[in-house]
Amino acid sequence: MNMSNSNRQYRKDVPVEQTWDLTDLFPDKESWEKALQSAVQEAEQITAFKGRLSESAKTLSKALKTTEAYQQKVIHVAVYANLLISADGSDPSNQSAAAKSGAALAEISSKLSFFESELLKLTSSDIEQFIKDEPELETYRKYLFDILEKKEHILSPELEEAFSALGEVLDAPHNIFSRSKQSDMQFETIVDGQENTQPMSEPLYEESYEYSEDTVLRRNAYASYVNTFEQYKNTYAATYQTEITKQVQLSKLRKYDSATDMLLAPQQVTTEMYHNQLDVIQEKLAPHMRKYAKLLKEKLGLEELRFCDLKAPLDPSFNPSTSYEDASETILTALDVMGPEYLEGMKKALSNRWVDRAQNVGKANGAFCSSPYGAHPYILVTWADKMRNAFILAHELGHAGHFYLAGKYQSLFNTRPSTYFIEAPSTLNELLLADHLMKTNKDDPRMKRWVITQLLGTYYHNFITHLLEGAFQRKVYALAEAGTPLTADVLCREKRNVLESFWGDTVTFDEGAGLTWMRQQHYYMGLYPYTYSAGLTVSTTVAKRIREEGQPAVDDWLNVLKSGGTKKPLDLIKDAGIDMSDPENIEIAVNYVGSLIDELVESYSE
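For my numbering, count along the sequence shown from 1 and bump the result up by 1304.
Right, dumping it as C-alpha cells:
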C-alpha cells in the first residue's frame, strides 16, 4: 500500500450509508452482466428498421419509440459500469466491467449508426408532412431537425459505421489519461507547518491542501503535486496531442471550417457567443481579481503571492465545519424558494442514497452527477465535514434537480439541453445557498465574509479556472490547425501565458503553474471548459431576477428545467428572461463578482 493512501479506507470497509445504492439500477453485478449481453443482442430490435425509416410516418414513430426504450436500457448498463469505476477505479473487477461496457457500447453504436444516416435522407418538408400524418411525432421535432443540421457533415454510411466501430480507439486518449491519473500517479508524502508528515494524493490536494490555511503545507503539497506531474508531462502531452489531432482531422473529414466549429455544433451556440464568453470575462474580470489577489496577499501576510496560494482562505482561522446531515438540512432550507416538486427530488437524493460521499482508495476525484433516464440521478462527492463541501453538494444537487424534472416531463431524446446551459441549474443552487447563509448570518460579519469567499470560490472555478482552460484550449486548437507540434514544452508555455496575462504581476508564477493543463479531464470532452462560465453567467442573472421579482422568476426557471432539451440554448435561456447573444449579460455577471470583491475589501476597512 503506498503512503499516499495510508489514511484512506478501502472501498469494502466504507460504511454503506456513505455510498450510493446501485441496486436501483441493477440488483447485482450478475444481472448487470446479463443486461449487458441482452443489450448487445436486442440491438436487432432497432436494426429491424434498417432501410425503412422513411417509408411512412407510422414506421418512423414506431422506430423512434423502440429506440428510446432500447437506449434507456443501454444507458443503465453504461452508467452502472461508469459508477463502479468512479467509486473504485483500483478494483480489477470494476476495471473489467468498464472495459466490457466500453466494448459493448462500441458494438451497439456501430450497429445503430445507420439510424441517423437514414434519417438524413428526409428533407424538412418530409418531416413536416410526417408530423402532420402522425401527431405523436411532434415530440421528436427538435431531435429530427437537429439531425438535419448535421446533413452536410455526415459521411457515407460505411465510413460512419467504421467510425462507430473505432469508438473505443477514438476515446482512448481520455481513457488513458483517466486511468493513469486514477491508478498510477503516486505522490511523495509532505510536511506541514508543524513538521508533521501528511499523506498526499491528488484528491487530497484538490479537495483539501490547495485550500489549506497552512502556507507551509499548501506550498509543500503543491511542490509534491508538481513534482509528480513533471514526471508524466511527455506522456500526457502525447495523449493530449492525439486527442487534438483526432478532432482536427475529424473536422476536416466532416467538412467543418475548423475543429472549433465542429465542437460548437452540438452545443448549438454561435462562434460569436463562444468568443464573447472568453473575451469579455478575461478582459473585464481581470482587474477585479487582481484587486482580490492584493487583498489575499495582505491578509495572508505573504511577501509574494504564489500561484499555489490563490485558493488559500482569506480568513484562515475561520473555516466552518458541518456534518453531512446538517449541510443537507441547510441546503433544503436554502432551496425552499424552488417549491415542493423540486424539493421532493432534493429530499430523495439526500435520504435515498443517491449520493456517494465516501473517501476511499481508487475513488475518482472531483464531483459529478450522472443522470440515467428512467432511474434517478447519482451524485459523486468526497465529503470532508467542511461547509465548503455543502456548496459542492448543492452544486451537484442542482444538476440532479434539473434532470429529475426534465426526466419527469420529457421523453429520453428531449431530456438534455446543450452543455452551454448545463452548468446554470447547478450554480444557481450555490447562489441560493449563499443568499440563505448571508441572511441567516447577517449579524456575523465573519461568517458573511466567509460566504462571500465561497461564492468567489465558485466564480474562481467557473470564471477563472475553467474559463482560462477554455482560453488555453482556443490557443491549442489554433496552434494545431497551424501545424505546430503540441509538445509538453509548448503546452506548458501556453498554459502559463494564459495565466500570467490574466493575473498580471499580482501573482508570482513558477514553472509548475504551466503544468496545470495536466489536471483536467475536461480537455478530452470537446469545448467543455468555457461552458462553465456560460452556465454561471445565466445563473447569476437568474439569481438577480429571483431576488428582485420572486415567484414569477422561480416559475420561469422551473419551466426551463422541465423543458429539458426541447429548445436550443439561446431560446431556452430567453425563457428564463435572459438574452445570451448580448455580451451585456456577461458584464452583469462580472459586475456582480466585482461587487462581492468590493464588499470584501470594505468589510476589512470597517
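C-beta atoms are modelled at their ideal positions from N, C-alpha and C, and glycine is treated no differently.
So for residue i, helix, strand or coil by DSSP?
i: K1316; result: helix
i: K1871; result: coil
i: S1674; result: strand
i: Y1560; result: coil
i: Q1345; result: helix
i: T1501; result: strand
i: M1307; result: Any reading at M1307 is ruled out, since the residue's pLDDT is 35, under 50, leaving its predicted position unreliable.
i: D1328; result: helix
i: I1494; result: strand
i: S1390; result: helix
i: D1475; result: coil
i: N1398; result: helix
i: N1664; result: strand
i: S1627; result: coil
i: T1812; result: strand
i: R1356; result: coil
i: R1823; result: coil
Which residues in the same chain have their Cβ closer than 7 Å to the Cβ of residue i, if we skip the five residues on either side of it in sequence?
i: T1723; result: Q1571, Y1832, T1835
i: E1916; result: Since the first and last residues shown for the chain are 1305 and 1910, residue 1916 lies out of range.
i: S1394; result: S1487, V1665, G1666
i: F1767; result: I1585, L1589, S1837, L1840, V1897
i: V1530; result: G1816, L1819
i: N1538; result: A1792
i: N1889; result: T1841, T1845, I1882, D1883
i: L1609; result: A1597, L1600, K1601, T1810, V1811, T1812
i: L1732; result: G1702, S1843, V1846, A1847
i: A1407; result: E1472
In terms of alpha-carbon separation, which member of the options lies closest to residue i?
i: K1574; options: E1891, T1443, L1874; result: According to the sequence as given, residue 1574 is Thr; it is not Lys. Among E1891, T1443, L1874, the Cα nearest to that of T1574 belongs to L1874.
i: W1821; options: S1555, K1454, E1534, F1695; result: E1534
i: P1396; options: L1636, D1748, R1315, D1496; result: R1315
i: L1606; options: A1631, S1555, V1520, D1640; result: V1520
i: V1846; options: L1567, Y1447, S1730, K1743; result: S1730
i: N1664; options: K1377, A1391, G1774; result: A1391
i: L1554; options: F1449, G1471, F1611; result: G1471
i: P1681; options: I1890, N1580, C1673; result: C1673
i: P1617; options: Y1515, Y1708, A1631, R1661; result: Y1515
i: E1727; options: L1803, E1576, H1703; result: H1703
i: Q1433; options: P1461, E1453, H1765, S1360; result: S1360
i: K1484; options: E1506, D1496, S1468; result: In the sequence on display, residue 1484 carries Ser and not Lys. Nearest option by C-alpha distance: E1506.
i: V1473; options: L1409, E1511, N1500, G1678; result: L1409
i: G1643; options: I1389, S1885, A1857; result: A1857
i: D1430; options: S1414, K1415, F1449, E1440; result: F1449
i: A1352; options: K1366, E1576, E1547; result: K1366
i: L1459; options: L1364, K1556, S1512, A1407; result: K1556
i: A1401; options: E1337, K1598, H1457; result: E1337
i: P1887; options: M1577, T1757, G1355; result: M1577
i: Y1708; options: S1805, S1899, V1552, E1648; result: E1648
i: M1593; options: S1909, V1894, S1907; result: V1894
i: E1456; options: K1752, R1558, T1757; result: R1558
i: A1671; options: H1699, D1619, A1679; result: H1699
i: V1802; options: S1414, K1354, L1582, T1546; result: L1582
i: T1762; options: G1678, A1466, L1735, S1405; result: L1735
i: L1349; options: K1369, K1752, A1469; result: A small correction: the amino acid at residue 1349 is Gln; Leu does not occupy that position in the sequence shown. Closest by alpha carbon: K1369.
i: S1909; options: L1876, P1789, R1753, V1864; result: R1753
i: K1652; options: I1683, N1623, A1638, A1668; result: I1683
Quick one: what's got a C-beta closer than 6 Å to residue i's C-beta in the same chain, skipping five residues either side?
i: I1494; result: Q1502, M1504, N1524, A1525, S1528
i: R1657; result: W1324, D1325
i: G1818; result: C1796, K1799, R1800
i: Q1313; result: N1664
i: I1435; result: L1441, E1442
i: M1305; result: Confidence in M1305 is poor, its pLDDT being 28 and thus under 50, which makes the residue's placement unreliable; the coordinate value appears in the next sentence. Nothing listed; no residue qualifies.
i: W1687; result: Y1628, R1661, N1693
Leaving aside the five residues before and after residue i along the sequence, list all residues of the same chain whose C-beta is less than 8 Å from its C-beta, in chain order.
i: F1481; result: Y1540, T1543, Y1544, Q1825, Y1828
i: T1412; result: It is worth fixing the name first, because residue 1412 is Ile in this sequence and not Thr. Correct list, in chain order: A1343, V1344, A1347, V1378.
i: S1428; result: F1449, L1452
i: V1755; result: A1738, L1741, M1742, N1745
i: S1308; result: Low confidence applies here, because S1308 scores a pLDDT of 41, under 50, leaving its location unreliable and the question unanswered by this model.
Consider the C-beta atom of residue i and the heavy atoms of the ligand ADP; say whether any pair is separated by less than 8 Å.
i: T1549; result: Absence of the ligand ADP is noted for the structure shown, with no ligands found whatsoever.
So does the stretch 1785–1798 actually touch the stretch 1546–1564, counting three or more Cβ pairs closer than 8 Å? Verdict: yes, contact present.
Contiguous beta strand (DSSP E) assignments of at least 3 residues, all confined to the stretch 1674–1760: You should have 1682–1684.
Any contact of the stretch 1322–1341 with the stretch 1372–1391, i.e. 3+ C-beta pairs under 8 Å? The answer is yes - the stretch 1372–1391 touches the stretch 1322–1341, with three or more Cβ pairs under 8 Å.
Let me know the alpha helix (DSSP H) ranges lying completely inside the stretch 1512–1578, each 4 residues or longer, listed in chain order. Runs of the alpha helix (DSSP H) inside the stretch 1512–1578: 1519–1557, 1563–1568.
Contact between the stretch 1439–1447 and the stretch 1406–1421: three or more CB pairs below 8 Å? The stretch 1439–1447, when compared against the stretch 1406–1421, does not touch it at the 8 Å Cβ threshold.
For the stretch 1710–1721 and the stretch 1866–1882, state whether three or more C-beta atom pairs, one from each stretch, are separated by less than 8 Å. Yes, since at least three Cβ pairs between the stretch 1710–1721 and the stretch 1866–1882 fall closer than 8 Å, the two stretches touch.
Taking 8 Å as the cut-off, does the stretch 1690–1697 touch the stretch 1623–1635 (at least 3 CB pairs, one atom from each stretch)? Output reads yes: the stretch 1690–1697 touches the stretch 1623–1635.
Identify every run of the alpha helix (DSSP H) within the stretch 1441–1472, keeping only runs that are complete inside it and at least 4 residues long; order them along the chain. Fully enclosed alpha helix (DSSP H) runs of 4 or longer: 1445–1453, 1461–1469.
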